[in-house]
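Report on the following structure.
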Amino acid sequence: MNDNYLLGYSLSLALGFIIFLVAIALAFSVSGLVLRKTTKSLNSRIWLNTILSGLITALAVARLVMLIIMGSNGLELIPVNFAISFLFTLVPLLATLGLTIPRLWRLRQPREASGPVPLSDPVRVAAAETWLVVPVQGLLVGALLSGILTIASNSPVLTLVAAAAWLVFGGWAWFRQTRFQQKLAQNGPAAIPRFVTRLGLRLATVAAFAAGFLVIFLVGITTTRLPDRFNMTMDEIHSTGMVMAPGQKMLSVTDLTGPQEGTPDKTFTLTAERAQVKLDNGQTVDAWTYNGQLPGPELRVNQGDLVQVTLQNKDVTEGVTLHWHGVDVPNAEDGVAGLTQDAVMPGQTFIYRFRVNDAGTYWYHSHQFSNEQVKMGLFGAFIVEPKTPAPASTTDLAVLAHTWSTGGGSKFAFGLATTTDRKTVAPGTPVRLRLINANNSLLNFTLTGTPFRVTAIDGTDLNKPGELTDIKLPLAAGGRYDLEFTMPDHPVLLNSGSASILLSPDGKGDMTPITPKAVFNPATYGQPESEQPVTLQSHFDREYTLTLDNGLGFYNGSLATLWLINDQVFPNTPAINVNEGDLVKITFVNRSPMDHPMHPHGHKMLVLSRNGQPISGSPWWTDTLNVAPGEIITVALKADNPGLWMDHCHNLEHAASGMVMHLMYNNVMTPFQVGPTSGNDPE
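Counting from 1, position 348 in the sequence shown corresponds to residue 361 in the numbering used here; the numbering is continuous, with no gaps.
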């Protein structure tokens with residue numbers, strides 16, 4: 014994580030808010046100069062306004078510094094709305110410094126010799142000069158619009174509306190102030206409106222802005238509603254999907270199945286059903302389960318097996334599916350409701366058949382209303398044993414980390430263990446811990462009591478991994494690490510948050526988890542292979558840059574925090590269009606304040622560089638890549654699994670708010686649809 018980026022992001026927001034508050038004080042103070050009764054009072058206000066202007070200038074400079082810090086790893090990391098919103102403050106601030114401040118100082122009166130000196134009419138008229146007052150009023154409105162643009166999702170339309178509102182206000186303020194100064198010159202203090210009138214004018218101004226916001230709100234909720242049914246591969250606005258290359262044969266995702274004949278080597282039946290399950294602390298989870306278990310049954314198969322899984326839905330009314338996270342299954346077996354199949358409704362059955370070619374640690378979960386259904390428990394471990402099995406004496410544990418909702422609040426657990434789960438392991442035993450992050454956010458793990466190695470990331474073995482001790486292991490949401498070590502003659506503790514697994518020769522004991530400062534970095538861990546499969550210098554058939562962002566906006570008729578890809582939310586996000594065999598370079602740019610674990614279905618990514626530095630350790634293959642705030646990561650992807658594939662943030666809350674796109678082979682279409690009346694909603 015780029016801590017400097019988060020600091021710059023947070024302080025930029027805070028500074029913008031403070032500038033707005035100070036601008037309110039400055040605008041009211043300058044506008045009220047004509048109300049001063051004595052020269053002493055006028056001079057005091059001139060000093061106050063000078064100080065307030067200096068404070069805003071200092072705050073604006075500080076905000077500019079924050080933007081520079083945010084762009085230290087690349088200017089593309091500065092959110093466009095942050096940069097544009099800064100201009101809405103900068104331009105009127107420069108006008109204030111160049112026009113208002115010199116006039117303020119020319120307005121100063123000689124120090125009173127004896128007693129209060131009433132403000133003369135010519136001085137009062139000068140205090141109402143248009144060039145003196147309007148710039149600070151423009152600064153106030155600019156600071157307000159700057160704040161709105163900063164928190165809103167980047168939108169050229171909104172920027173144009175804000176600029177138009179600013180210009181309209183400026184013109185109106187100019188006209189009003191010029192007329193007021195003329196009346197003041199003609200009629201003296203009698204031209205100054207009474208307090209009630211001034212208050213009414215200010216309230217009318219506020220009401221005008223409120224009416225504008227109301228119009229924007231109504232337009233937003235009416236124009237962003239998604240259709241009742243639509244094809245996930247079709248851009249909602251332009252109605253454009255894939256473009257076939259000459260000579261290609263059109264395929265449906267339903268054609269891209271696993272082997273439909275032959276006796277499966279492993280068969281499983283998973284029944285989706287509601288159940289109440291107790292955690293180890295006695296608290297109850299009202300869960301949606303597979304086979305009544307939390308997590309779902311652990312499925313273990315062997316590399317090369319033909320696997321058949323029958324999914325039955327007993328009583329989950331929203332429907333369910335099975336997605337094989339990290340397993341490169343044929344497209345029709347991927348389990349995405351509305352893209353590769355219809356959701357399996359109560360009383361229905363769906364059969365998945367596929368051959369597992371790659372050993373490793375994976376997991377399965379529903380991809381129908383996945384944000385909700387994974388939280389409720391519709392997931393489990395899927396382990397593919399290698400052709401050459403580990404020694405029979407190996408202790409092999411899949412550790413599913415998840416936060417459960419109970420009547421007593423949220424409880425983080427390894428499986429159902431919310432505190433310390435003790436296990437007996439004899440000294441000298443080979444141990445493999447398969448860490449699976451089934452939460453929506455990054456988790457930090459530690460292993461205390463023994464040196465260990467990270468031998469695999471997301472199911473793919475690392476090349477010559479070295480020994481590690483006293484190190485923090487940040488694991489992406491949806492990601493997996495395999496840790497291996499030989500059991501010592503004393504306890505070993507795996508920890509994350511409040512949950513722990515304690516391994517000891519007698520199954521007893523206690524340990525305190527370490528709080529290491531060192532952080533595991535896959536980019537430098539292990540050894541490079543003698544021949545790198547792909548490098549930054551390789552020839553790529555296609556290149557894409559995906560900028561990850563956030564902001565307030567409208568989605569499907571609601572005002573919400575949007576999570577965007579290239580300033581768009583699903584279904585308007587850009588697609589990665591490929592032909593089979595293409596080598597694709599993708600650069601992820603995260604200019605938001607949160608992690609985004611990016612997960613392309615059906616494919617693995619080879620990380621090429623991180624923040625401009627080429628990968629120097631083992632080849633780093635991943636299917637769930639955590640892109641931290643302020644990071645730029647470039648990956649390579651081989652288009653070797655035809656189909657229509659989701660590519661989304663595996664913080665499933667972000668996916669549900671629009672951070673979804675597709676990896677689309679140009680000759681593949683889907684007959685399935687999503688939308689309220691379709692029964693399908695993958696996120």
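The C-beta atom is built at its ideal place from N, Cα and C for all residues, glycine as well.
Burial is judged here by how many other beta carbons sit within 10 angstroms of a residue's own beta carbon; P404 has fewer than 16 and is exposed.
Excluding sequence positions up to five before and after T163, its CB lies within less than 7 Å of the CB of L26, G29, N94, F95, S98, all in the same chain and listed in chain order. By the neighbour-count criterion, in which a residue is buried when 16 or more other Cβ atoms sit within 10 angstroms of its Cβ, F41 is exposed. Looking from the CA of N452, the closest CA among D434, I205, L19, L413 belongs to L413. Short of 8 Å from the beta carbon of A411, and not among the five residues preceding or following it, lie these beta carbons of its own chain, in chain order: E311, T374, A394, I396, R447, I449. Residues of the same chain with a CB within less than 6 Å of the CB of L145, apart from the 5 flanking positions on each side, are T113, R116 in chain order.
Every beta strand (DSSP E) of 3 residues or more that sits fully in the segment 556-597 is shown, in chain order, as 571-578, 589-591.
About 12 Å separates the beta carbons of H675 and H612, which is beyond the 8 Å limit, so they are not a contact pair. In this structure, the CA atom of A489 is about 24 Å from the CA atom of L657. In this structure, the alpha-carbon of G360 lies about 58 Å from that of F101. DSSP links A512 through a beta bridge to S509.
Pairwise C-beta distances place the segment 473-482 in contact with the segment 630-650, as three or more of them are shorter than 8 Å. Using a Cβ distance threshold of 7 Å, S513 and T433 count as a contacting pair. The Cβ-Cβ distance between I599 and V648 falls below 7 Å. At a Cβ-Cβ threshold of 7 Å, T302 and E286 count as neighbours. Judged by their CB atoms, G160 and I82 are not nearer to each other than the 7 Å cut-off. Assignment of beta strand (DSSP E) within the segment 650-687, counting only whole runs of 3 or more residues, yields 657-662, 673-678 in chain order.
Residues of the same chain with a CB within less than 8 Å of the CB of G87, apart from the 5 flanking positions on each side, are V602, G625, I645 in chain order.
If you compare the alpha carbons of V47, G151, W187 with that of A175, the shortest gap goes to G151. The shortest CA-to-CA distance from T52 to any of V266, V181, V130 is the one to V130. Rounded to whole angstroms, the Cβ separation of A372 and E398 is 6 Å, and the two are in contact under 8 Å. By the Cβ test, the segment 320-328 is in contact with the segment 269-283, since at least three Cβ pairs between them sit closer than 8 Å.
The C-alpha of N315 lies about 37 Å from the C-alpha of T558. Taking 7 Å as the cut-off, the Cβ atoms of V505 and L496 do not count as close. Beta-bridge analysis with DSSP links R366 to Q321. Here the alpha carbons of T560 and Q581 stand approximately 10 Å from one another. For Y375, the enclosing beta strand (DSSP E) covers residues 373-378. DSSP lists E398 as the beta-bridge partner residues of N315. Look at M500 here: in three-state DSSP terms it is coil, with no helix or strand label.
Note that the C-beta distance between H380 and T416 is not below 7 Å. Spanning the alpha carbons of V266 and T353 requires a straight line of approximately 6 Å. In this structure, DSSP gives N62 a helical state, which the three-state scheme calls helix. Looking at the DSSP output, N603 sits in a beta bridge with L561.
Using a 10 angstroms sphere on the CB of H614, the tally of other CB atoms reaches 16 or more, which defines it as buried. A residue is called buried once 16 or more other Cβ atoms fall within 10 Å of its Cβ, and E274, having fewer, is exposed.
When DSSP states are grouped into helix, strand and coil, A300 belongs to the strand group.
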